[in-house]
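Student: Residues in the sequence shown are numbered consecutively from 1044, following this note's numbering.
Using N, Cα and C, we set each Cβ at its ideal position, and we do this for glycine too.
These numbers were taken from a predicted model, which means no experiment stands behind them.
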Amino acid sequence: MSIRRLPNIIAVALMFATILLAGCAAKPTGDLEVFSWWTAGGEAEGLAAMLEVFAEQYPDIDVINATVAGGAGVDARAVLATRMQGGDPPGSFQVHAGHELIDTYVVADQMEPVTFIYEDEGWLDVYPADLIDILSYDGEIWSVPVNIHRANVLWYNKAVFEANALTAPTTIDDFFTVAEALEDAGITPLSLGESWTVVHLFETVLLGSMGSDAYIGLWNGSTDWSSSQVTRALENFDRMLDYVNEDYAALSWDQATQLVIDGTAAMNIMGDWAEGYFKAQGWTPGVEFGWAASPGSSGSFDALSDSFGLPKDAPNRDAAIAWLKVCGSKEGQDAFNPIKGSIPANTEGDRSLYDEYLQSAMDDFASDAIVPSLMHGAAASPSWQQDVMDAVALFLGDRDVAAFQNALVAAAADAGY
Ligand code: GAL
1044 MSIRRLPNII AVALMFATIL LAGCAAKPTG DLEVFSWWTA GGEAEGLAAM
1094 LEVFAEQYPD IDVINATVAG GAGVDARAVL ATRMQGGDPP GSFQVHAGHE
1144 LIDTYVVADQ MEPVTFIYED EGWLDVYPAD LIDILSYDGE IWSVPVNIHR
1194 ANVLWYNKAV FEANALTAPT TIDDFFTVAE ALEDAGITPL SLGESWTVVH
1244 LFETVLLGSM GSDAYIGLWN GSTDWSSSQV TRALENFDRM LDYVNEDYAA
1294 LSWDQATQLV IDGTAAMNIM GDWAEGYFKA QGWTPGVEFG WAASPGSSGS
1344 FDALSDSFGL PKDAPNRDAA IAWLKVCGSK EGQDAFNPIK GSIPANTEGD
1394 RSLYDEYLQS AMDDFASDAI VPSLMHGAAA SPSWQQDVMD AVALFLGDRD
1444 VAAFQNALVA AAADAGY
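(1) With contact counted as at least three CB pairs below 8 Å, one residue from each stretch, are the stretch 1100-1120 and the stretch 1231-1245 in contact?
(2) Taking valine 1189 as the reference, which of Leu1178, Val1248 and Ala1454 has the closest Cα?
(3) Name the residue from Thr1147, Tyr1180, Ala1151 and His1139 whose alpha carbon lies nearest to the alpha carbon of threonine 1158.
(4) Any contact of the stretch 1328-1348 with the stretch 1190-1199, i.e. 3+ C-beta pairs under 8 Å?
(5) With DSSP collapsed to three states, give me the class of glycine 1333.
(6) CA-CA distance, alanine 1083 and serine 1372?
(7) To test your reading of the DSSP string, which unbroken beta strand (DSSP E) runs of 3 or more residues are found completely within the stretch 1222-1262?
(8) In the DSSP assignment, what are the bridge partners of isoleucine 1160?
(9) With 16 as the cutoff for other CB atoms within 10 Å, does glycine 1066 come out buried or exposed?
(10) Three or more beta-carbon pairs under 8 Å between the stretch 1094-1113 and the stretch 1303-1317, yes or no?
(11) Any contact between the stretch 1118-1135 and the stretch 1067-1078? By contact I mean 3 or more CB pairs, one from each, below 8 Å.
(12) With a threshold of 16 other CB atoms inside 10 Å of the CB of serine 1410, please say whether the residue is buried or exposed.
(13) Output yes or no for whether 9 Å exceeds the beta carbon distance between proline 1354 and glutamine 1128.
(14) Are the CB atoms of valine 1203 and threonine 1210 within a distance shorter than 9 Å?
(15) Consult DSSP for threonine 1213 and reduce its assignment to one of helix, strand or coil.
(16) Find out if the Cβ-Cβ distance for the pair leucine 1277, valine 1444 is shorter than 9 Å.
(17) Would you grab the beta carbon distance between isoleucine 1215 and asparagine 1279 for me? Rounded to a whole angstrom, and I think it's under 8 Å.
(18) Looking at the unbroken alpha helix (DSSP H) that takes in proline 1425, where does it start and where does it end?
(19) Taking arginine 1282 as the reference, give the member of Gly1251, Arg1442 and Ala1140 with the closest Cα.
(20) Measuring straight from C-alpha to C-alpha, what distance separates aspartate 1377 and threonine 1072?
(21) If contact is defined by three or more beta carbon pairs under 8 Å, each pair taking one atom from either stretch, is the stretch 1169-1178 in contact with the stretch 1137-1147?
(22) Does any heavy atom of the ligand GAL sit closer than 8 Å to the C-beta of tryptophan 1080?
(23) For alanine 1140, which residues of its own chain have a beta-carbon under 8 Å away from its beta-carbon, when the five flanking residues on both sides are left out?
(24) Would a C-beta distance cut-off of 9 Å place isoleucine 1382 and methionine 1405 closer than the cut-off?
(25) Please enumerate, following chain order, all residues with a beta carbon closer than 5 Å to at least one heavy atom belonging to the ligand GAL.
(26) For arginine 1275 and arginine 1394, I'd like the C-alpha separation in whole angstroms.
(27) Excluding the 5 residues preceding and the 5 following alanine 1228 in the sequence, name in chain order all residues of the same chain whose CB lies nearer than 7 Å to its CB.
(28) Tell whether a beta-carbon distance below 9 Å holds between threonine 1247 and aspartate 1361.
(29) Could you tell me the boundaries of the beta strand (DSSP E) in which glycine 1352 lies?
(30) Using DSSP's beta-bridge definition, name the partner residues of glutamate 1183.
(31) Tell me, which residues are paired with aspartate 1105 by DSSP?
(32) Would the beta-carbon of alanine 1446 fall within 9 Å of that of aspartate 1430?
(33) Taking the alpha carbon of isoleucine 1304 as the point to measure from, which residue in Gln1137, Leu1451 and Thr1231 has its own alpha carbon closest?
(34) Return the residue from the list Val1452, Pro1328 and Asp1457 that minimises the CA-CA distance to serine 1403.
(35) Quick one: what's got a C-beta closer than 6 Å to serine 1255's C-beta in the same chain, skipping five residues either side?
(36) For tryptophan 1198, which three-state DSSP category applies?
Laid out in structure tokens, this is it:
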């Protein structure tokens, strides 16, 4: 062998050694606590499917699936706040993209930015720029979104609608006509659950009554909360509450959705996690249940996104980063979202894996006006959201539209608008 070729051989050998070493780089091990509120039908199964993908890729990490029941995270968020305050963060936790994430733990300097994961995984090109925007603060990205949910959906029992020769209402006036007919037939027109689901209904009525621009303006100061268009929306909401099940305060969101399956109620206005619930109960979209935009809101997509973040000083940081990589990956999202009833945030998701409803949601997300959800952390700060929840709770007691509007005006003023 010529002596001149020796350096080349050494270089090639070194290259192989480096590749080998990288391949053998120890994968993370140990325990990882994943904290969420996904316990109901559909959402629990969706999470389990994503955890399965994780287990295949990281067999040496033991996941502690830490859940605190309660839709919209009303209870989980309180538990999380206590833990974060006490310096006891989980490895990674579910948090809504937008204000819920930024206004809490990011501004309090309790999160680690995850921009480096986006760079490493090439996600900057495969996530919608608008979504990256709402996950960003101070030049960094702060969590990894697993999905996009739609809040403004009306679900209905097809057999009940057919038996009563009804079609899904599109306008608010249609809703009242359909609701009257159902009531005459002895069926609860609209199923409703505990307090956060009432606020969820409320935001869809604001949207459906006022349109997307005015609705967006409620949260940025350009729509006046004391205006007559808000009064009309509140009157619509008041009237809608006349058509719900009496025991609503005692029901969780999924119990309210279940009334539609039982046929005791005909409609439910809920985010598309209800689709996951219907499917988990063996219902097929377009067969047993139908859907429409909530009354008056067609052309608007009331959006929210579930994401996972990296707390500062996360126990087992490497395992948490591994989890975030699966959360953001096409594989993770395509395992999770078809079951969860949401569409992938990662635009490389495989459309053919999604059912008829979810494909329609993908199309609407691409063409509708996107507006932020209040109840699910996107539209307003957690304190403003809480003020609106309090105002709605009072309103349920007194049904005084003028007092309700005053409380909402005051809430906006407290928030600086
Ligand atoms: C929402 C969340 C959804 C779903 C729902 C009911 O806030 O974004 O993923 O879990 O609550 O629990």
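Tutor: The answer reads as follows:
(1) yes
(2) Leu1178
(3) Tyr1180
(4) yes
(5) strand
(6) 24 Å
(7) 1231-1234
(8) None, per the DSSP bridge assignment.
(9) Reliability of the predicted coordinates at glycine 1066 is poor, the pLDDT of 49 falling under 50, and no value is obtained from them.
(10) no
(11) yes
(12) exposed
(13) no
(14) no
(15) coil
(16) yes
(17) 5 Å
(18) 1425-1441
(19) Arg1442
(20) 25 Å
(21) yes
(22) yes
(23) Leu1174, Ile1177, Leu1178, Ser1186, Pro1188, Leu1347, Ser1348, Asp1349, Ser1350, Gly1420 and Ala1421
(24) no
(25) Glu1086, Gly1114, Ala1115, Trp1316, Asp1349 and His1419
(26) 39 Å
(27) Asn1207
(28) no
(29) 1349-1352
(30) Tyr1180
(31) Asp1074
(32) no
(33) Thr1231
(34) Pro1328
(35) Ser1343, Ala1412 and Val1414
(36) strand
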